[in-house]
Amino acid sequence: MESGTGARISSLVSAFESRRPQGLKELGKDFIEEAVVKSDRNMALASVIAYALYKILTKEHLLSSRAWPKVSESIRVFLLTAKDAAQENDENNFSRAMQNVIGKIEAFDDEMSNYARNIFEKGKMKQASVAYAMGLSLNSAAGLTGADRVELQRYIGATRIHDEQPVTKGIEERMRSLREVLGR
Amino acid sequence: MTYAPENDGKKSFVLDSSSIITIADNCFIRVLRHLSEKEGIEFIIPASVYAESVTTPLAIKRFEFSAVRIRDAVEDGYIRVAGTTPALEGRINEIESHTRDLCSCSGRRIILLQRGEIETLALLKELGSDVLVIDERTTRMLLEEPSALGNFLRKRHRCDVKLDRDSLSYFRRGFGNIKVFRSVELISLAYEDGSFEKEVHKSRQALEAALYAAKFAGCSVSFEEIKKFVSRVRG
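Below, the structure written as structure tokens:
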């Protein structure tokens, strides 16, 4: 397990406890950037969780639900367990605690939401698209975050990521080359 | 389902999953049949791409229809699936090892490509093909403009990005002659040679719509490129 994981989870707990959605969103971005550089799936998972919690904290109907206080407390406790496990370099307990956090988020979202795609899956897409924007290939970005590869491609198609790079070889130039290849 | 690649004098085009998914998503899979017949192209995909674009999504309702289209194309024979052979595995391992060393950020390795993309590159070499159809950006940049890929990564990362010279040289030597196209170029070719008309009425608007549909399905093409290209097409 990468050193520093415990400290990152600790900052996640802190932002969650103090109900700072923007703080969680920023942590999610920092975590995925770190995950890309270190090829660290644990950090990528923490990033997706941070993003999912950010989304929950921005939805008033979720926060005001009767189930939320209990769910929120469970998530907090599991995150603290994950932090302790990371600090003790205990990979098994860390993974178990993180999976418990995901289970809580998914069950709560499933109960409260009308959407087919849940908040956690959306979080995977969002963070995988950041990894792709940072230069990983589609398969690498999907592999790091656990996002579905096919869905990620479609998600990225709806962003402006492919418009942010200068065009060095446009369609016209490639068409010339294609005609040559085919002897047309 | 795997077929050994055949080559009855046709030009081999290897497709990766990103391009085949864009084409199938937009109901253009049969355009490949027309292109294959008219232009003498043999479209080939690696077994892992078949698994990724057919076997896995067949079990997911949201993606099932595209998967069925690709499966039909394979069954009809205008897309061939190359089986995984020990020689191909050897190539995959070799490319994988160079990919692992390719890029680092303040001394830590960044794994830019994964098995799916690597298998496509290995198949290209194994078949001796020099044409790759890929909508994915990073692999395309690595093959066509590795220095631009380095600059791109340096802009995106806060650390000191380095590309390993030996690995870069390996990719230049092995793949420098590869011609890379995207689904948008296949669609444009179909527009030019009449294959497009067999699926949609030919018009500049139809071409423009098809190119944008490919972009929104994830093809790495910019608005600017499409706009510029379409403005020069006679409609």
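Just so you know, the sequences run in chain order A and B.
Quick note on numbering that gives the first Met the number 0: the first sequence kicks off at 0 and runs consecutively.
Quick note on numbering that gives the first Met the number 0: the second sequence kicks off at 0 and runs consecutively.
Even for Gly, the Cβ is constructed at its ideal location relative to N, Cα and C.
Going by Cα to Cα distance, which pick from the options is closest to residue i?
{"i": "Gly134 of chain A", "options": "B:Arg139, B:Ile133 and B:Leu131", "result": "B:Arg139"}
{"i": "Leu152 of chain B", "options": "A:Leu44, A:Lys82, A:Val36 and A:Arg18", "result": "A:Val36"}
{"i": "Val13 of chain B", "options": "B:Leu57, B:Glu41 and B:Ile28", "result": "B:Glu41"}
{"i": "Ala132 of chain A", "options": "B:Ser146, B:Phe64, B:Lys154 and B:Ser230", "result": "B:Lys154"}
{"i": "Leu271 of chain B", "options": "B:Lys37, B:Lys60, B:Asp192 and B:Gly149", "result": "What the structure shows of chain B is the stretch from 0 to 234, and residue 271 of chain B is not part of that stretch, so it cannot be assessed."}
{"i": "Gly5 of chain A", "options": "A:Arg183, A:Pro20 and A:Met42", "result": "A:Met42"}
{"i": "Ile48 of chain A", "options": "A:Gln164, A:Val149, A:Gly145 and A:Arg183", "result": "A:Gly145"}
{"i": "Asp39 of chain A", "options": "A:Ser73, A:Ser2 and A:Leu56", "result": "A:Ser2"}
{"i": "Arg18 of chain A", "options": "A:Gly182, A:Phe93 and A:Lys58", "result": "A:Lys58"}
{"i": "Val179 of chain B", "options": "B:Phe195, B:Glu143, B:Thr83 and B:Asp75", "result": "B:Glu143"}
{"i": "Asp129 of chain B", "options": "A:Phe93, A:Gly102 and A:Ser176", "result": "A:Ser176"}
So residue i is in the alpha helix (DSSP H); what residue range does that whole segment cover?
{"i": "Arg95 of chain A", "result": "Glu90 to Met111"}
{"i": "Arg173 of chain A", "result": "Ile170 to Val180"}
{"i": "Arg159 of chain A", "result": "Run containing Arg159 of chain A: none; DSSP gives neither H nor E here."}
{"i": "Ala212 of chain B", "result": "Arg203 to Phe215"}
{"i": "Val199 of chain B", "result": "It is not in any alpha helix (DSSP H) - Val199 of chain B carries neither H nor E in the DSSP assignment."}
{"i": "Ile59 of chain B", "result": "Here Ile59 of chain B belongs to no alpha helix (DSSP H), and DSSP marks it neither H nor E."}
{"i": "Glu16 of chain A", "result": "Thr4 to Glu16"}
{"i": "Met140 of chain B", "result": "Arg136 to Glu143"}
{"i": "Leu112 of chain B", "result": "Premise fails: Leu112 of chain B is in no alpha helix (DSSP H) and is neither H nor E."}
{"i": "Arg75 of chain A", "result": "Trp67 to Gln86"}
Looking at the secondary structure, which residues open and close the beta strand (DSSP E) in which residue i lies?
{"i": "Leu14 of chain B", "result": "Lys10 to Leu14"}
{"i": "Lys103 of chain B", "result": "In the sequence on display, residue 103 of chain B carries Ser and not Lys. Taken as a continuous stretch (DSSP letters only), the beta strand (DSSP E) holding Ser103 of chain B covers Cys102 to Cys104."}
{"i": "Glu41 of chain B", "result": "Ile40 to Pro45"}
{"i": "Phe255 of chain B", "result": "Past the edges of chain B, shown from 0 to 234, lies residue 255 of chain B, and the structure says nothing about it."}
{"i": "Ile109 of chain B", "result": "Arg107 to Ile109"}
{"i": "Val132 of chain B", "result": "Val130 to Val132"}
{"i": "Val80 of chain B", "result": "Ile78 to Ala81"}
{"i": "Lys161 of chain B", "result": "Val160 to Leu162"}
Report yes if the C-beta distance between residue i and residue j is below 8 Å; otherwise report no.
{"i": "Ser52 of chain B", "j": "Ala66 of chain B", "result": "yes"}
{"i": "Ser182 of chain B", "j": "Ala213 of chain B", "result": "yes"}
{"i": "Ile177 of chain B", "j": "Leu131 of chain B", "result": "yes"}
{"i": "Ile31 of chain A", "j": "Gln126 of chain A", "result": "yes"}
{"i": "Ile104 of chain A", "j": "Ala45 of chain A", "result": "no"}
{"i": "Val30 of chain B", "j": "Glu198 of chain B", "result": "yes"}
{"i": "Arg99 of chain B", "j": "Arg108 of chain B", "result": "yes"}
{"i": "Met111 of chain A", "j": "Ser71 of chain A", "result": "no"}
{"i": "Ala81 of chain A", "j": "Phe107 of chain A", "result": "no"}
{"i": "Ala23 of chain B", "j": "Arg68 of chain B", "result": "yes"}
{"i": "Glu116 of chain B", "j": "Val166 of chain A", "result": "no"}
{"i": "Gly122 of chain A", "j": "Ala51 of chain A", "result": "yes"}
{"i": "Leu167 of chain B", "j": "Pro145 of chain B", "result": "yes"}
{"i": "Met174 of chain A", "j": "Ser187 of chain B", "result": "yes"}
{"i": "His33 of chain B", "j": "Cys104 of chain B", "result": "no"}
{"i": "Pro20 of chain A", "j": "Leu61 of chain A", "result": "no"}
{"i": "Tyr236 of chain B", "j": "Lys201 of chain B", "result": "Because chain B is modelled from 0 through 234, residue 236 of chain B falls outside the range shown and cannot be assessed."}
{"i": "Phe77 of chain A", "j": "Ala96 of chain A", "result": "yes"}
{"i": "Lys28 of chain A", "j": "Tyr53 of chain A", "result": "no"}
Ordered along the chain, which non-local residues of its own chain (more than five positions away) have a Cβ less than 7 Å from that of residue i?
{"i": "Asp134 of chain B", "result": "Ser17, Ser18, Thr21, Arg181, Ser182, Gly217, Cys218 and Ser219"}
{"i": "Glu90 of chain A", "result": "Met0"}
{"i": "Pro4 of chain B", "result": "Below a pLDDT of 50, predicted positions are generally treated as unreliable, and Pro4 of chain B, at 46, falls in that range; the measurement from the model is reported next regardless. Within the same chain, Pro4 of chain B has close Cβ partners Ile43, Arg79, Ala81 and Leu126."}
{"i": "Leu79 of chain A", "result": "Val12"}
{"i": "Asp109 of chain A", "result": "Asn117"}
{"i": "Gly22 of chain A", "result": "Ala14"}
{"i": "Asp192 of chain B", "result": "Lys37 and Glu38"}
{"i": "Arg164 of chain B", "result": "none"}
{"i": "Val232 of chain B", "result": "Arg203 and Leu206"}
{"i": "Gly142 of chain A", "result": "none"}
{"i": "Gly173 of chain B", "result": "Lys124"}
{"i": "Glu63 of chain B", "result": "Pro56 and Leu57"}
{"i": "Lys227 of chain B", "result": "none"}
{"i": "Glu118 of chain B", "result": "Pro45, Ser47 and Ile91"}
Leaving out five residues before and five after residue i in sequence, what residues of the same chain have Cβ atoms less than 8 Å from its Cβ?
{"i": "Ser128 of chain A", "result": "Ala140, Leu151, Tyr154, Ile155, Thr158 and Ile160"}
{"i": "Asn138 of chain A", "result": "Arg148"}
{"i": "Ser35 of chain B", "result": "Lys9, Glu41, Phe42 and Tyr77"}
Leaving out five residues on either side along the sequence, give the residues of the same chain with a beta carbon under 6 Å from the beta carbon of residue i.
{"i": "Ala121 of chain B", "result": "Leu87, Arg90, Ile91 and Ile94"}
{"i": "Lys168 of chain A", "result": "none"}
{"i": "Arg178 of chain A", "result": "none"}
{"i": "Cys102 of chain B", "result": "Ile109, Leu111 and Leu162"}
{"i": "Thr137 of chain B", "result": "Leu111"}
**OP:** Select from the stretch 160 to 178 of chain A all residues with a C-beta closer than 9 Å to any C-beta belonging to chain B, and list them in chain order.
**Re:** Ile160, His161, Asp162, Glu163, Gln164, Pro165, Val166, Thr167, Lys168, Gly169, Ile170, Glu171, Arg173, Met174, Ser176, Leu177 and Arg178
Subject >> Contact residues within the stretch 135 to 152 of chain A, judged by C-beta distance below 7 Å to chain B >> reply: Leu135, Ser136, Leu137, Asn138, Ser139, Gly142, Arg148, Val149 and Gln152
Original post:
Residues in the stretch 42 to 57 of chain A with C-beta within 7 Å of chain B's C-beta atoms, listed in sequence order?
Top reply: none
Original post:
Using Cβ-Cβ distances below 7 Å, what residues of the stretch 153 to 187 of chain B are close to chain A?
Top reply: Here the close residues are Arg155, His156, Cys158, Lys178, Phe180, Val183, Glu184 and Ser187.
Original post:
When you check each C-beta in the stretch 130 to 149 of chain B against every C-beta of chain A, which residues fall closer than 8 Å?
Top reply: Only those residues of the stretch 130 to 149 of chain B whose C-beta falls short of 8 Å from the nearest C-beta of chain A are listed: Val130, Asp134, Glu135, Arg136, Thr137, Thr138, Glu143, Glu144, Ala147 and Leu148.
**OP:** Could you please tell me which residues of the stretch 27 to 43 of chain A, in chain order, have their CB closer than 7 Å to any CB of chain B?
**Re:** Val35, Val36, Lys37 and Ser38
Subject >> Near-chain A residues of the stretch 204 to 222 of chain B (beta-carbon distance less than 9 Å), N- to C-terminal order >> reply: For chain A, the residues of the stretch 204 to 222 of chain B that bring a beta carbon within less than 9 Å of one of its beta carbons are Leu210, Ala213, Lys214, Phe215, Ala216, Gly217, Cys218, Ser219, Val220, Ser221 and Phe222, in chain order.
**OP:** Could you name the residues of the stretch 59 to 77 of chain A whose beta carbon sits closer than 8 Å to any beta carbon of chain B, in the order they occur along the chain?
**Re:** none
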